[in-house]
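For reference, each letter of the sequence shown is one residue, going 8 to 552 in the working numbering.
All residues carry an ideal CB built from backbone N, CA and C; glycine is no exception.
All figures in this text were calculated on a predicted structure; none of them were measured in a lab.
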Amino acid sequence: MTSRPAPLLELDPAVVRRARSLARKAAAPVVEIARSHTTVSVERATLRLAGLSGADHERVPWVNHLVTAVRDEVGLEHGVTTPVYDALRRGEAPDLTTLAQKAASGNVSFRLPAGRDAAAARRAAARGVGAGLRKIDRARATRERLVKRLGDPPSKPWVYLIVATGDIHEDIPQAQAAAREGADVIAVIRSTGQSLLDYVPEGATREGFAGTYATQENFRLMRAALDDVSKELGRYVRLTNYASGLCMPEIAALAGMERLDMMLNDSMYGILFRDINPIRTFVDQRFSRQVHARAGIIINTGEDNYLTTADAVEAAHTVTVSQLLNEEFAKEAGLEDWQLGLGHAFEINPDLPDSFRMELAHALLARTLFPDAPLKWMPPTKHMTGDIFRGYLLDGFFNLVGAMTGQGILLVGMMTEAVVTPFLSDRDLALQNVRYVMNAAGGLAEDFHPPRDGFIQTRARQVLSEAVDLLDRIVHDSDPAGDAPLLAAIADGTFGLMKRPPTGGKGLDGVCERADDYDNPAITALDACTPPAGTRHTSSEGGEL
């Protein structure tokens with residue numbers, strides 16, 4: 008079976024253009040905030056790119072110690088690398104690890120160098136951080152070489168399956184077994200609560216709860232295991248993890264260096280569902296997406312989560328608004344269309360009349376608005392019950408919508424979603440469901456065209472119209488004294504019914520405004536690869552992409 012072009016809705020190109028124009032206006036002030044601030048996690052990620060790793064006997068990473076010491080002594084508004092490399096040049100320590108160890112015990116002093124000393128420190132920092140960026144470049148080249156040699160999956164959507172045992176050494180055989188059964192993308196879900204940790208654990212871990220900790224060593228082990236099974240199967244199996252939460256930039260950097268292929272990356276998820284400070288998260292998101300752009304990583308966004316707290320019919324337009332905003336933020340950070348795994352979900356109450364037709368309309372709307380993006384289609388969760396037969400049928404309907412609307416990434420739904428953490432046998436049955444639907448109906452995207460002005464087209468236009476109205480309110484009806492209307496909308500509970508003010512949430516104390524002489528060699532290099540603002544192309548519906 009080959010992938011087919013998605014059927015197009017007859018959307019008004021002027022409405023599509025207006026939607027994107029409003030999304031750009033709503034995003035612009037937030038982008039400016041991201042460009043003018045830094046965070047402890049951005050600075051720690053920069054040191055990780057320079058090669059600093061490891062932790063003390065209490066498992067506190069050395070990057071945390073070093074960034075904390077610099078912040079306490081000279082602040083972070085000038086960037087962490089200039090005082091760090093100045094200290095190395097002054098002989099405070101022979102290398103970054105030793106410097107961090109001395110800093111942890113208070114046996115090193117930092118300063119803000121000036122003149123030639125500052126220039127020399129910045130040159131040394133650029134060389135150190137450049138090594139990490141080159142490692143990311145080599146990882147991307149390796150992926151491209153393996154895909155060329157082994158091949159991609161023979162058809163789309165790519166089948167995406169979650170592994171979540173808590174033990175990386177148990178995850179590996181399960182992930183390899185899932186690949187042999189047909190999974191194209193393995194997602195190692197993170198341990199519960201890791202997004203709220205303001206540090207990245209070290210080493211291979213075996214104690215995660217409902218997931219496995221995202222660490223550099225766990226990334227390395229799983230990527231090596233999937234490389235082995237990729238060679239066995241003759242197709243490249245992709246690896247996904249989560250770059251979200253308080254350590255989003257660091258995890259993005261580690262993922263780039265260890266050749267992960269996809270990352271869950273969406274500031275709104277952390278803001279709304281983990282109560283992480285909005286400013287902290289938008290600053291962290293921009294840096295992490297620049298790293299993903301350089302690494303050739305596909306991002307997955309979290310719009311599906313809105314529909315777990317809000318009604319999937321009444322709030323359908325908020326998903327579209329978030330997709331448009333995520334597209335704008337991603338493009339500004341340098342990501343290309345093929346890297347935009349924008350999320351949406353099959354979450355309408357199945358007892359509603361015409362629920363399947365509305366799901367089709369929503370999925371077609373996303374596919375038509377973003378024709379070149381590998382959309383991530385999420386299975387039902389909110390309305391799954393203990394009736395596993397009903398759940399299995401509901402997942403089959405979900406798979407059918409994915410086939411009919413040309414989705415790019417299809418997350419495998421589990422009939423025991425509402426009962427228990429899925430067993431291996433459950434995953435096998437779920438994959439059988441996907442295989443049957445895709446083999447029997449995968450070509451429906453070629454044949455299915457909703458009738459002009461029928462139920463599906465009318466519903467899609469309604470959702471798009473409501474999305475434009477909401478974007479217009481965000482841009483024009485917010486507090487005129489506010490600098491970022493989108494932050495005001497988030498504070499008002501516009502998305503997911505969660506109210507998150509910019510002055511609240513976890514991690515705000517880790518944000519600081521950049522000084523005029525702020526220097527970060529990673530950001531300098533990544534900015535150089537980011538396309539100028541306003542560089543877009545036109546979609547088949549006449550709207551800007």
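{"query": "Would you list, in sequence order, the uninterrupted alpha helix (DSSP H) runs of no fewer than 4 residues that lie entirely inside the region 218-303?", "result": "223-240, 255-264, 274-281, 285-302"}
{"query": "In this structure, does DSSP put residue 68 in helix, strand or coil?", "result": "strand"}
{"query": "Please tell me whether residue 385 and residue 438 are closer than 7 angstroms, where the distance is taken between their beta carbons.", "result": "no"}
{"query": "Quick check on residue 537: does DSSP put it in helix, strand or coil?", "result": "coil"}
{"query": "Quick check: residue 354 and residue 401, are their CB atoms within less than 7 angstroms of each other?", "result": "no"}
{"query": "Bridge partners for residue 167 per DSSP, in chain order?", "result": "192, 418"}
{"query": "For residue 65, is the classification buried or exposed, using 16 other Cβ atoms within 10 angstroms of its Cβ as the cut-off for buried?", "result": "exposed"}
{"query": "Excluding sequence positions up to five away, which residues of its chain have a Cβ less than 8 angstroms from the Cβ of residue 137?", "result": "528, 532"}
{"query": "Hey, quick one: how far does the alpha helix (DSSP H) through residue 403 stretch, first residue to last?", "result": "395-411"}
{"query": "Please report how far the alpha carbon of residue 326 lies from the alpha carbon of residue 200, in whole angstroms.", "result": "25 angstroms"}
{"query": "Do residue 382 and residue 553 come within 7 angstroms of each other at the CB atom, strictly closer than that value?", "result": "With the chain covering only 8 through 552, there is no way to say anything about residue 553."}
{"query": "Measuring straight from C-alpha to C-alpha, what distance separates residue 488 and residue 347?", "result": "Confidence at residue 488 is low in this model, with a pLDDT of 49, below 50, so the placement of that residue should be treated as unreliable; the coordinate-derived value is given next. Straight-line Cα distance between these residues: approximately 33 angstroms."}
{"query": "Just how far apart, CA to CA, sit residue 16 and residue 517?", "result": "45 angstroms"}
{"query": "Report all residues from its chain with a CB closer than 8 angstroms to the CB of residue 74; omit the five preceding and five following residues, and keep chain order.", "result": "47, 50, 51, 54, 83, 87"}
{"query": "For residue 270, which of 280, 281, 279, 300 has the nearest alpha-carbon?", "result": "300"}
{"query": "Please give me, in chain order, every unbroken run of the alpha helix (DSSP H) with length at least 4 that falls completely inside the region 112-179.", "result": "122-157"}
{"query": "When burial is assigned at 16 or more other CB atoms within 10 Å of the CB, is residue 177 buried or exposed?", "result": "exposed"}
{"query": "Where residue 520 and residue 85 are concerned, what is the direct C-alpha to C-alpha distance, given to the nearest angstrom?", "result": "9 angstroms"}
{"query": "If the criterion is Cβ atoms closer than 7 angstroms, does the pair residue 331 and residue 30 meet it?", "result": "yes"}
{"query": "Figure out for me which residue from 103, 282, 376 has the closest Cα to the Cα of residue 344.", "result": "376"}
{"query": "Whole angstroms are fine: how far does the CA of residue 190 sit from the CA of residue 389?", "result": "24 angstroms"}
{"query": "Checking 7 angstroms against the spacing of the C-beta atoms, do residue 368 and residue 311 come in under that value?", "result": "no"}
{"query": "Name the DSSP bridge partner or partners of residue 44?", "result": "520"}
{"query": "Taking only beta-carbon positions, decide if residue 440 is within less than 7 angstroms of chain D.", "result": "No chain D is present in this structure, which holds just one protein chain."}
{"query": "Do three or more CB pairs link the region 255-267 to the region 223-235 at distances below 8 angstroms?", "result": "yes"}
{"query": "Between the beta-carbon of residue 179 and the beta-carbon of residue 225, is there less than 7 angstroms?", "result": "no"}
{"query": "What does DSSP give as the partner residues of residue 305 in its beta bridges?", "result": "269"}
{"query": "Under 6 angstroms Cβ to Cβ from residue 504, same chain only, skipping five residues before and after it: list those, please.", "result": "316, 317"}
{"query": "Roughly how many angstroms lie between the CA atoms of residue 279 and residue 79, to the nearest whole one?", "result": "30 angstroms"}
{"query": "List the DSSP bridge partners of residue 347.", "result": "306"}
{"query": "Can you give the beta carbon distance from residue 364 to residue 463, rounded, assuming they're within the 8 angstroms contact cut?", "result": "6 angstroms"}
{"query": "Name the one or two DSSP bridge partners that residue 383 has.", "result": "350, 416"}
{"query": "DSSP three-state label for residue 18, please.", "result": "coil"}
{"query": "Can you tell me the Cα-Cα spacing of residue 445 and residue 125, whole angstroms?", "result": "60 angstroms"}
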